[in-house]
Amino acid sequence: MNTTMTASARRPLEMVQPANKAGQHAAGKLMIAAGSILFVAVLAFQILYASGVTETGFASWLPVLYAYILWAASIVVGQVLVRGERGLRATFVLPAVFFTVALVIFPTLFGFYIAFTSWNLGSDAGRVFNGFDNIRTMWNDPFYWNALTNMIYYSLMVLVEYAIAFGLALILNTEIRARRFFRVVFLLPFMLSPVAVSWMVGKSIMENRFGPMARLARALGWDRPAFFSDPWIARMSIEMMDGWVFIPLIMILLLAGLQALPKECLEAARVDGATGWQTFWRIIFPLMLPVSITAIIIRIIFKLKLADIVINVTSGGPGGATDTVSSFIYREYRDRSNVGYGTALAEVYLIAIIIFITVLLVIGRRVARRYGALPTVAQS
Amino acid sequence: MATTASTFNAELHQPGRGAGHVMTRVLIYGVLIFWAFICLFPIFWTFTTSFKSAPDVMQGRLIPFLDFVPDWKGWRSLGLSPDTIWETSTVRDEFLKRLGNSLIASIGGSLLALALGALAGYGLARFPYRFGPLKNDDISFFFISQLILPPVVLAMPFLVLYKELILLDSLPGLILVYTLMVLPIVIWIMRDQFANIPVELEEAAFVDGLSIWGTFLRIVLPLALPGMVAALILALVLCWNEYFFAALLTGANAQTLPVMVASQTGSQGISWWSMAALSTAAILPLMVVGILLERYIIKGLATGAVK
Chain A
1 MNTTMTASAR RPLEMVQPAN KAGQHAAGKL MIAAGSILFV AVLAFQILYA SGVTETGFAS
61 WLPVLYAYIL WAASIVVGQV LVRGERGLRA TFVLPAVFFT VALVIFPTLF GFYIAFTSWN
121 LGSDAGRVFN GFDNIRTMWN DPFYWNALTN MIYYSLMVLV EYAIAFGLAL ILNTEIRARR
181 FFRVVFLLPF MLSPVAVSWM VGKSIMENRF GPMARLARAL GWDRPAFFSD PWIARMSIEM
241 MDGWVFIPLI MILLLAGLQA LPKECLEAAR VDGATGWQTF WRIIFPLMLP VSITAIIIRI
301 IFKLKLADIV INVTSGGPGG ATDTVSSFIY REYRDRSNVG YGTALAEVYL IAIIIFITVL
361 LVIGRRVARR YGALPTVAQS
Chain B
1 MATTASTFNA ELHQPGRGAG HVMTRVLIYG VLIFWAFICL FPIFWTFTTS FKSAPDVMQG
61 RLIPFLDFVP DWKGWRSLGL SPDTIWETST VRDEFLKRLG NSLIASIGGS LLALALGALA
121 GYGLARFPYR FGPLKNDDIS FFFISQLILP PVVLAMPFLV LYKELILLDS LPGLILVYTL
181 MVLPIVIWIM RDQFANIPVE LEEAAFVDGL SIWGTFLRIV LPLALPGMVA ALILALVLCW
241 NEYFFAALLT GANAQTLPVM VASQTGSQGI SWWSMAALST AAILPLMVVG ILLERYIIKG
301 LATGAVK
């Protein structure tokens, strides 16, 4: 390796490589063209067959997927030949782009199309375009609005989880014995599958007759404990399980933030004789605001996907009190095979989430900028 | 919350203030032990219940050997107790098949996501890209923002598309779904990991005549290994525990362990011991991973949150 030093040692780092040879350039273009033609041809061939215009075709669409992979590969290699060094740099990010376009962008757009059709897998009618009928049905579907309202309740509970997690992170950040032990133990619930938690906690520990929670409740004077009968108690029970799994996530994010706090600030506060309470509210909390906002938003993103526990413990009951949007749509598909309507609900939910998270990000950024950094601290 | 906060800050002051100090210590350890109990009790309960017989469950006996005599009941029903392990057992075959599916799907998805994500993360951390009006920050945002996509949005289009692609109820199909599910997180973590590696090393490698890819594979990747382990473990956790896609997109062939656990809850009434054994088996692998590699998980989660 070092033998080549002499020639290349003085080469500037950002030197533009000599333009590729004309032959390479042409070969690259040819490669991209060939890949594109092949992909379009296979796609057209299969579309014509599927729509009944031609007689011959593939048994499934799998060859189209292979053609897409070939096309992607031809573009990656071809643009290296055409663009040289810059093409080589693009090879890092292109595979992820092609993957995402095929498996996220395309299905999402396809979903928007399904959303405007009436399509029940149970009936023979197949896919029929029905315009905004699904949206109209949704507008009058009290269960969907109920599920959306529940998502607001569940999301608000993130603040409680945040408070608990902050307390735990503060304690883990102090001088304590066996810190690693407690950190591992506090992390464990995050490693558990929500489905297993549904059984372990929801169906077993919270069982009404001989679950340990029911026994404890009876000992505390609740005669006939039932954790999933009353709407609000059921909601809280679901929230307890979900919070149990995800509090470690917030805790770790906050703990990392605490450990990154500038030591001088805390020192200075101590020297100035600030009480613990003052140090927390005047220094630690404001400095932690950016991390806190990130943690809360990440947690809300996960919360908005909540489904497993609800599906497995209550199936949305009693009377839809614990339903999340995901579990509701899941049942819409499982029980009624209503793909068109279910997808429409999901796409509306997606748009709502995007708006909600965008607003949160904007507010979060403002709050962090306004209250987050103490000017004096920032300079020290 | 309020108490814990103030105890921490009292802690900031010089220790050794007599009674007040002792009180704070007691409070801190009280909270620690209380929360440790909350974290561990469900796991303890599940584990011990797999060794209980029916009366033990009904009477709420808690502590093995003191309260009740442990019995391999739950594990026998799975065909995994010492006396049944050498006999044929359809339940065990089923369980092992689901376990194998879970392993293949989660490891496959995580590795594929790590490969794609590490490349993209390195590119985004190092090279200025332009794609039309989009620059690096926009491209990063494009990838990371997919984190908010709820599975339910993609589930039904995938159901339809997979049917056409004959990927329904197949492990390759599940691997692809898991890859797209964890890719945003992996890209996020890896981009920050690469950004933290000093550029000078790569510049030196360029000077030595290594190509971009040579530099990446021989210089940068070994340095980023801890971050990659962190991203991989986090991806594994999310894939191993995934239920929603697995429940919709798989059937008899490619079903994973969480789907098996979920399908058992309703079907046989409550056979507590076998459910407990099954749940224990489903959470055990990740608990071992969590205990052994806790450092990496924390590192992975903490990236991105703290700049």
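Sequence lines, in order, name chains A and B. 1 is the number of the first residue of the first sequence in UniProt numbering; add one for each residue after it. 1 is the number of the first residue of the second sequence in UniProt numbering; add one for each residue after it. For every residue, glycine included, the Cβ atom is placed at its ideal position computed from N, Cα and C. For clarity, every value in this text was computed on a predicted model and none was experimentally measured.
{"Asked": "Backbone CA spacing between residue 240 of chain A and residue 294 of chain B [nearest angstrom]", "Found": "24 Å"}
{"Asked": "C-beta contact flag for residue 238 of chain A and residue 310 of chain A at 7 Å", "Found": "yes"}
{"Asked": "Segment contact flag, the region 317-324 of chain A with the region 100-117 of chain B, C-beta cutoff 8 Å, min 3 pairs", "Found": "no"}
{"Asked": "Beta-ladder partner(s) of residue 120 of chain A, from DSSP", "Found": "A:338"}
{"Asked": "As assigned by DSSP and simplified to three states, the class of residue 128 of chain B", "Found": "coil"}
{"Asked": "Identity of the residues DSSP links to residue 128 of chain A by a beta bridge", "Found": "A:118"}
{"Asked": "Residue 29 of chain A, enclosing alpha helix (DSSP H) - first and last residue", "Found": "22-50"}
{"Asked": "Beta-carbon proximity list for residue 272 of chain B, same chain, < 6 Å, skipping 5 on both sides", "Found": "49, 57"}
{"Asked": "Inter-stretch contact at 8 Å, needing at least 3 Cβ pairs: the region 343-357 of chain A / the region 145-153 of chain B", "Found": "yes"}
{"Asked": "Buried or exposed (CB count within 10 angstroms, at least 16 for buried), residue 84 of chain A", "Found": "buried"}
{"Asked": "Residue closest to residue 383 of chain A, alpha-carbon to alpha-carbon, out of A:71, A:163, A:287, A:209", "Found": "Outside the displayed span of chain A (1 to 380) sits residue 383 of chain A, for which this structure offers no information."}
{"Asked": "Cβ neighbours of residue 252 of chain B in the same chain (closer than 8 Å, five flanking residues each side left out)", "Found": "169"}
{"Asked": "Under 7 Å by beta carbon: chain A residues contacting residue 158 of chain B", "Found": "107"}
{"Asked": "Cβ-based contacts, 9 Å cut-off: residues of the region 211-239 of chain B near chain A", "Found": "211, 212, 213, 216, 237"}
{"Asked": "For residue 64 of chain B: DSSP bridge partner residues", "Found": "B:68"}
{"Asked": "Helix, strand or coil at residue 80 of chain B [DSSP, three-state]", "Found": "coil"}
{"Asked": "Meets three-Cβ-pair contact criterion under 8 Å: the region 128-140 of chain A and the region 324-341 of chain A", "Found": "yes"}
{"Asked": "Residues that residue 22 of chain B contacts on chain A, provided the C-beta gap is smaller than 9 Å", "Found": "Chain A residues near residue 22 of chain B: none, gap ~15 Å exceeds 9 Å."}
{"Asked": "Under 8 Å by beta carbon: chain A residues contacting residue 151 of chain B", "Found": "305, 307, 326"}
{"Asked": "Collapsed DSSP secondary structure at residue 134 of chain B in the structure displayed", "Found": "strand"}
{"Asked": "7 Å CB neighbourhood of residue 347 of chain A in its chain, flanking five on each side removed", "Found": "111, 112, 115"}
{"Asked": "Span separating the alpha-carbon of residue 276 of chain A from that of residue 35 of chain B", "Found": "22 Å"}
{"Asked": "Straight-line gap, residue 195 of chain B to residue 128 of chain A (C-alpha atoms, nearest Å)", "Found": "50 Å"}
{"Asked": "Residue 345 of chain A vs residue 363 of chain A beta-carbon contact at 7 Å", "Found": "no"}
{"Asked": "Helix, strand or coil at residue 199 of chain A according to DSSP, with G and I counted as helix", "Found": "helix"}
{"Asked": "Rounded separation between residue 204 of chain A and residue 94 of chain A - CA only", "Found": "48 Å"}
{"Asked": "Residue range of the alpha helix (DSSP H) that includes residue 206 of chain A", "Found": "No alpha helix (DSSP H) contains residue 206 of chain A, which DSSP labels as neither H nor E."}
{"Asked": "Same chain, Cβ closer than 7 Å to residue 216 of chain B, five either side skipped, listed in chain order", "Found": "122"}
{"Asked": "Contact with chain B by residue 342 of chain A, beta-carbon distance below 7 Å", "Found": "yes"}
{"Asked": "Nearest-angstrom Cα separation, counted from residue 253 of chain A out to residue 33 of chain B", "Found": "21 Å"}
{"Asked": "Residue-level contact to chain A via CB, residue 241 of chain B, 7 Å cutoff", "Found": "yes"}
{"Asked": "Proximity test, Cβ basis, 7 Å: residue 200 of chain B and chain A", "Found": "no"}
{"Asked": "Per-residue burial, residue 222 of chain A [other beta carbons within 10 Å of its own, 16 or more giving buried]", "Found": "exposed"}
{"Asked": "Pick from A:125, A:122, A:104, A:198 that is closest to residue 152 of chain B, judged by C-alpha positions", "Found": "A:104"}
{"Asked": "Backbone CA spacing between residue 258 of chain B and residue 242 of chain A [nearest angstrom]", "Found": "16 Å"}
{"Asked": "Cβ-based burial, residue 312 of chain A [other Cβ within 10 Å; buried from 16]", "Found": "buried"}
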